[in-house]
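What follows is a set of notes on a single structure, which appears directly below.
Protein chains: 2
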Amino acid sequence: MLSFPDRLEAAIGRCGNPVLVGLDPRFELLPEGVAPSGGVAEPSSMARACGDFCRGVIDVVAPLVPAVKPQAAFFEQLGPPGMAVLAEVIRYAGERGLLVILDGKRNDIGSTAVAYARGLLGSQGQSPWGADALTVSPYLGADSLKPFVDVAVERAAGIFVLVKTSNPGGGMFQDLLSDGRPLYRHVGAHVEQLAAETLGACGYGAIGAVVGATYPGQLAQLRGEMPHAWFLVPGFGSQGGTAEDVAAAFDDRGLGAIIINSRGIIFAHGRAPYSQRFGPSQWQRAVEAATVEMIERLRAETPAGKLG
Amino acid sequence: MLSFPDRLEAAIGRCGNPVLVGLDPRFELLPEGVAPSGGVAEPSSMARACGDFCRGVIDVVAPLVPAVKPQAAFFEQLGPPGMAVLAEVIRYAGERGLLVILDGKRNDIGSTAVAYARGLLGSQGQSPWGADALTVSPYLGADSLKPFVDVAVERAAGIFVLVKTSNPGGGMFQDLLSDGRPLYRHVGAHVEQLAAETLGACGYGAIGAVVGATYPGQLAQLRGEMPHAWFLVPGFGSQGGTAEDVAAAFDDRGLGAIIINSRGIIFAHGRAPYSQRFGPSQWQRAVEAATVEMIERLRAETPAGKLG
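Just so you know, the protein sequences line up as chains C and G, in that order. Those letters in the first sequence? Residues 739 to 1046, per my numbering, in order. Those letters in the second sequence? Residues 739 to 1046, per my numbering, in order.
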């Protein structure tokens, strides 16, 4: 199997865009007709509805975008039935040709990190969850990241390490200066080294970075300092990041970044202009319209326009 | 219901010791007779064996110690059946009077952090998983911790934020100096503030800290700087930490810290002197002996000897 960075490049090239649709099945926001009607829902019926919803989103976006990002928290919130649905959703997305980047922000030390890595990464035959890539937190240091790197390389999977997050309070620790550089640049330097050690033919490594769209200047600086790391970019859309803000995440070929949109796409039926254009039962048409709009905006206003 | 810090104090007082038994059901280390025999095990039968094993450990330790710590990674590694077993194990431990601190090292931003907190924390009636407390990673900053704090306070639960971890590479980022203080002390100062804002009658807060036993000098310093935070202390036993190393984690009353032992207790049947004293079918007697030995050592060599 091709390495993860090369599979990501191929999927982006095939679709001609770098949009990553976030699957955040918030039960309270599910469209009419998908959520069970009336009364208090049981975790298992809530989980089933969230699974139906995610499959409905996947059906729409699979021909349009290279990858989806299930957010583990919204499945875990529903207890064991939610986790069973997470595995089904990952499998369903993979069968439809989408790369699956599981957003779990996991990490731990030593053999515990190995357990997460082996459990979550790799194809369904290699691991029970079968994600192509996983987000990972760096606080525990290089030896906590190494098991994820090793398993990723062995199984043609990838990881994305949190470097500079998109939330307002992200800077509290990430911006602390040490030796004249903020913490996130120290983390970024290590991730760049791991990326350079795991290069695919595309010029990017199996180890990438999460870098938010809400700090465009820092995003541009990190792009310069981390030439071999794929960037997973949150913060576009509902968090305020624009196409202009994410433009610096790309290289000259329009590669190097995938841009996340979760609520802005999957719950488009609930916001203008889509809520006016589509009735509640047409929520999948709203998903499609919002996806196409984001693709067009990125192609018009960023180097992603150079993609095939 | 009493607040989490007061429930923890009461459980420690009742047992007369601060031992936290880590439930790390590594399938390959399960005792004979617990693991399914012969051939390649399916995830569901592996998960069932891990559940049987954890229940067997809980039966032994419930009368002896205040709390257990299931490690999410070892359940997650087994896929959805493993997660179903995790929920069963948490319930089983709670029914036997044990506090359950789920080691998940979770975190995310905004409403995603809310989903983790609501899903994992609180009694079984309040959340599908039903943990009394959860370990949380700090890299994303104060606004990512706040949802966990809010849910913990609302549901009489607790959180333990990673401050100074026990792994050899933990210092890579945690020891970076900023304004003359290492990152972990910046994190510690914030956790102390959260602890002081969530005080129980016992003088400790609902927000505690993970501080490793493998750096005794830093543990002592943090104890002085964080007088209101319960310390969850990994690194004892198999990672090299001794009773002497953890002594500084306690206050004058013998409170303020819970000391983790996972492999050293639950897989005692596989190591000397227990492997000589007990046959493979007597693994629960090895668990009991190792637990009692740790209790006696902490009572003899640390301020925990002052507990009732």
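For each residue, glycine too, the CB sits at the ideal point set by N, CA and C.
In terms of beta-carbon proximity, C/Asp-881 lines the interface with chain G, with at least one pair separated by less than 9 Å. Assignment of C/Val-772 by DSSP, reduced to helix, strand and coil, places it in the coil class. G/Ile-750 carries a helical assignment under DSSP once its states are collapsed to helix, strand and coil. When DSSP states are grouped into helix, strand and coil, C/Ile-839 belongs to the strand group. Think of a sphere of 9 Å around the beta carbon of C/Arg-856: the chain G residues whose beta carbon falls inside it are Gln-815, in chain order.
Secondary structure in the segment 884-912 of chain C: the beta strand (DSSP E) runs of 3 residues or longer, each lying completely within the stretch, are 896-902 in chain order.
Residues of chain C whose Cβ lies closer than 8 Å to the Cβ of G/Val-925 are, in chain order, Phe-911.
Here G/Ile-847 has Leu-878, Asp-881, Ser-882 as same chain residues with Cβ atoms under 8 Å from its own Cβ, once five neighbours each way along the sequence are excluded. G/His-966 sits close to G/Gly-943, with the two beta carbons spaced by under 9 Å. Runs of the beta strand (DSSP E) lying entirely within the segment 945-1031 of chain G and spanning at least 3 residues, in chain order: 945-949, 969-971, 995-999. Residue range 757-761 is occupied by the beta strand (DSSP E) that includes C/Gly-760. For the segment 812-841 of chain C, the beta-carbon criterion of a distance under 7 Å to any beta-carbon of chain G is satisfied by Phe-812, Glu-814, Gln-815, Leu-816, Gly-817, Pro-818, Met-821, Ala-822, Ala-825. Taking each of C/Gly-794, C/Ser-875, C/Glu-982, C/Ala-958 in turn and checking the Cα distance to C/Val-806, the smallest one comes out for C/Gly-794.
Contact with chain C is found for G/Asp-846, since one of that chain's Cβ atoms lies less than 9 Å from the residue's Cβ.
If the five residues before and after C/Leu-837 are omitted, its C-beta is found closer than 7 Å to the C-beta atoms of Arg-745, Leu-746, Ala-749, Pro-804, Ala-805, Asp-870, all from its own chain and listed in chain order. Neighbours of G/Gly-908 across chain C, judged by C-beta separation under 7 Å: Leu-878, Gly-879.
Bounds of the alpha helix (DSSP H) holding C/Ala-851 are 848-858.
For the segment 781-814 of chain C, residues whose beta-carbon sits nearer than 7 Å to a beta-carbon of chain G comprise Pro-781, Gln-809, Ala-811, Phe-812, Glu-814. Residue contact with chain C for G/Asp-744: absent (no Cβ-Cβ distance below 9 Å to any residue of chain C).
Around the beta-carbon of C/Ala-895, 16 or more other beta-carbon atoms lie within 10 Å, marking it buried. Contacts with chain G at 9 Å (Cβ-Cβ) include C/Ala-853. Following the DSSP letters along the chain, one finds G/Pro-808 in no alpha helix (DSSP H) but inside the beta strand (DSSP E) bounded by residues 805-808. By the neighbour-count criterion, in which 16 or more other beta carbons inside 10 Å mark a residue as buried, C/Ser-865 falls on the buried side.
In the DSSP assignment, C/Leu-921 falls within the alpha helix (DSSP H) that extends over 921-934. Listed along the chain, the chain C residues whose CB falls inside 8 Å of the CB of G/Asn-905 are Ile-847, Gly-848, Leu-878, Gly-879, Asp-881, Ser-882. For C/Ser-1000 against C/Gly-771, the beta-carbon gap comes to about 21 Å, at or over 8 Å, which does not count as contact. Separation of the CB atoms of C/Gly-992 and C/Leu-1045 is rounded to 5 Å, and the pair is thereby assigned contact status at 8 Å. Listed in chain order, the non-local C-beta contacts of G/Tyr-953 below 7 Å within the same chain comprise Lys-902, local neighbours out to five positions each way being set aside. A direct Cα-Cα distance of roughly 25 Å separates G/Val-778 from C/Val-891. Collapsing the DSSP output to three states places C/Gly-918 in coil.
Listed along the chain, the chain G residues whose CB falls inside 9 Å of the CB of C/Pro-866 are Pro-781, Glu-814, Gln-815, Leu-816, Gly-817, Pro-818, Pro-819, Gly-820. In the structure shown, G/Val-778 falls within a coil segment according to DSSP collapsed to helix, strand and coil. Contact between the segment 1024-1034 of chain C and the segment 1000-1012 of chain C is established, with three or more Cβ pairs separated by less than 8 Å.
When beta bridges are read from the DSSP output, G/Thr-1040 appears opposite no residue. Taking C-beta atoms under 8 Å as the contact rule, C/Tyr-1012 and C/Ala-1028 qualify, at a distance of about 6 Å. C/Arg-844 sits in a strand when the DSSP states are folded into three classes.
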